[in-house]
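As structure tokens, the structure follows; a few thoughts come after it.
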Amino acid sequence: MTRDTLIAPSILSADFARLGEEVRAIDAAGCDWVHVDVMDGHFVPNISIGPGVVQAIRPHTKKPLDVHLMIAPVDPYIEAFANAGSDIITVHVEAGPHLDRSLQLIRGLGKKAGVSIAPQTPESALAYVLDRLDLILVMTVNPGFGGQAFIPAMLAKIERVRAMIGSRQIHLQVDGGVTPDNAGKCTAAGADVLVAGSAAFKGGKYAENIAALRAAAAKQA
Ligand code: DX5
Ligand code: ZN
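Each residue of the sequence shown is one higher than the one before, counting from 208 in the working numbering.
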């Protein structure tokens with residue numbers, strides 16, 4: 208089945224000293240969404256961006272801010288990220304005991320709700336929250352850092368998640384080690400949103416990099 212693939216560059220790979228400019232540059236280069244990786248040094252072994260930074264970049268693009276929360280606990284911070292101007296807020300299954308509550312909180316604030324599953328988590332963890340979801344994020348690296356290698360075993364998981372989604376209007380996003388070499392495999396397996404940090408920002412040729420990812424995604428191989 209053909210579906211348009213959305214490209215969401217992760218600003219984790221941007222120059223943090225020039226973040227507003229970098230967001231404008233990936234917007235102008237043709238990205239679909241701007242992916243924001245939020246890390247707390249507790250749920251994942253790295254610290255990145257907080258709600259103040261999301262608020263600061265918000266005026267620099269009209270494209271959706273796709274905020275990936277790798278933090279635990281997550282519920283106490285959801286409202287701050289919503290108020291900062293996030294459009295999509297994604298939480299990890301592994302980050303808290305009451306996923307259903309977190310998802311209700313996100314939608315209650317008028318935002319799109321996403322759930323991410325780390326490489327070890329089976330897709331069955333999503334079975335009873337599907338109707339509360341706008342997006343499922345299958346992590347293809349262990350969350351915490353950009354620039355890691357794609358885990359090929361996740362392709363089977365992407366296929367299974369696509370089957371679970373069925374006819375629901377839920378995006379299937381892939382994040383971690385995505386390059387033009389594996390983008391087509393991800394879309395063939397059923398992904399419709401590709402996050403790319405290193406592959407989008409490398410060499411400063413953002414438009415070329417995004418176009419290469421888009422072309423590879425369209426080949427579905
Ligand atoms: C990892 C992050 C990813 C990462 C992607 O925890 O969620 O978004 O920054 O970077 P690359 O594409 O370099 O793996
Ligand atoms: Zn991410």
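For glycine and all other residues, C-beta sits at the position ideal for the given N, C-alpha and C.
DSSP state of residue i, grouped into three classes?
i	result
T394	helix
I377	coil
P283	helix
S293	coil
I358	coil
Mind checking residue i: buried by the 16 CB within 10 Å criterion, or exposed?
i	result
R421	buried
H299	buried
K269	exposed
H249	exposed
N389	buried
H305	exposed
Y413	buried
F223	exposed
R308	exposed
K392	buried
Q380	buried
Straight-line CA distance for residue i to residue j?
i	j	result
L296	V345	Looking at the sequence itself, residue 296 is Ile, so the reference to Leu does not match. Answer to the nearest angstrom: the Cα atoms are 15 Å apart.
L342	S293	14 Å
A320	M277	14 Å
A395	G317	32 Å
task = May I have all residues whose beta carbon comes closer than 6 Å to any heavy atom of ligand 2, sorted in chain order?
result = Qualifying residues come out as S217, H242, D244, H275, D382, V402.
inquiry  = So within the region 224-281, which uninterrupted beta strand (DSSP E) runs reach at least 3 residues, ignoring any that extend past its ends?
reply    = With a minimum length of 3 residues, the continuous beta strand (DSSP E) runs that stay inside the region 224-281 are 241-246, 272-277.
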